[in-house]
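The opening residue of the sequence shown carries number 4 in my numbering; numbering runs sequentially from there.
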Amino acid sequence: MKQFEHAIEHFMFASRWLLVPFYIGLIAGIGLLLVKFGKAFFALLPVAFWGDSSAALLGILTLVDITLVANLLLIIIFAGYENFVSKIDTGDNEDRPDWMGHVSFADLKLKLIGSIVAISGIELLKYFINVKEVLASENGNYQLAWLVGIHLTLVFSGVMFAVMDRIAGGNHASKVK
Numbered sequence: 004m005k006q007f008e009h010a011i012e013h014f015m016f017a018s019r020w021l022l023v024p025f026y027i028g029l030i031a032g033i034g035l036l037l038v039k040f041g042k043a044f045f046a047l048l049p050v051a052f053w054g055d056s057s058a059a060l061l062g063i064l065t066l067v068d069i070t071l072v073a074n075l076l077l078i079i080i081f082a083g084y085e086n087f088v089s090k091i092d093t094g095d096n097e098d099r100p101d102w103m104g105h106v107s108f109a110d111l112k113l114k115l116i117g118s119i120v121a122i123s124g125i126e127l128l129k130y131f132i133n134v135k136e137v138l139a140s141e142n143g144n145y146q147l148a149w150l151v152g153i154h155l156t157l158v159f160s161g162v163m164f165a166v167m168d169r170i171a172g173g174n175h176a177s178k179v180k
């Protein structure tokens with residue numbers, strides 16, 4: 004019976020490697036974002052020289068938005084792989100980010116919600132730059148209200164995640180002592 008239990012536990016522990024294709028897919032997603040970034044960048048060049056400033060600002064915000072999503076994917080890939088699959092052995096590489104190997108699942112959730120709030124804020128800013136056109140469109144008020152409401156919900160969720168993490172950390176610290 005003990006051998007059977009050991010075999011099942013070994014099988015369950017090895018199942019973590021099933022996550023690797025997900026992380027490889029996310030890496031491919033970063034490659035696709037690079038293509039989107041390139042298209043947006045080259046579309047921005049004529050606007051920067053001959054377009055109006057609000058169009059240039061919208062183009063730059065799009066580049067920032069794509070970059071934030073790529074950064075978010077990278078954090079998920081590194082932290083997820085190290086938390087659930089295996090440690091990434093980079094040796095003594097001086098370029099290894101300080102946070103690698105130190106990001107817990109709770110830290111990952113906070114980074115994730117922070118990035119999502121930043122991306123939402125950038126999307127909202129894009130709408131506010133063109134607020135006249137948005138409000139002139141049919142149901143523009145409702146569209147803008149929904150965007151603000153969703154953004155505020157994300158901000159509130161982020162704050163609540165941080166508060167819950169702080170409370171849980173505080174309780175854990177007092178129990179350890």
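Glycine residues also receive a C-beta, built at the ideal position from the N, C-alpha and C atoms. Values in this document were obtained by computation on a predicted structure and should not be read as measured data.
What residue from the options has the CA that sits closest to residue i's CA?
i, options, result
"K90", "M167, K5, V23 and F159", "V23"
"D55", "N133, V158, E8 and A139", "N133"
"N86", "A31, R19, M167 and D168", "R19"
"L128", "L64, V88, Y84 and A51", "L64"
"L113", "Q146, V162, D95 and A148", "V162"
Please state if the CB of residue j and the CB of residue i are separated by a distance shorter than 8 Å.
i, j, result
"Y130", "L150", "yes"
"D168", "A109", "yes"
"I30", "L71", "no"
"I1", "Y26", "Residue 1 falls outside the range modelled here, since the chain spans only 4 to 180, and no answer is possible."
"F44", "L21", "no"
"G200", "L76", "No answer is possible for residue 200: it lies beyond the span of the chain, which begins at 4 and ends at 180."
"L111", "A73", "no"
"V120", "L157", "yes"
Give me the Cβ distance between residue i and residue j, rounded to the nearest whole Å; I'm assuming they're in contact under 8 Å.
i, j, result
"F116", "F159", "Phe is not the amino acid found at residue 116; the sequence shown has Ile there. Between F159 and I116 the Cβ distance is about 10 Å, and since that is not below 8 Å, they are no contact."
"A51", "A59", "5 Å"
Please find out if some non-hydrogen atom of the ligand GDP comes closer than 7 Å to the beta-carbon of residue i.
i, result
"L111", "For the structure depicted, the ligand GDP is absent and the ligand set is empty, with no information on it obtainable."
Which runs of the alpha helix (DSSP H) at least 4 residues long sit entirely within the region 24 to 95? Give them in chain order. You should have 56 to 87.
Let me know the alpha helix (DSSP H) ranges lying completely inside the region 95 to 151, each 4 residues or longer, listed in chain order. As summarised for the region 95 to 151, the continuous alpha helix (DSSP H) elements at least 4 residues long and confined to that stretch are 108 to 132 and 134 to 139, given in chain order.
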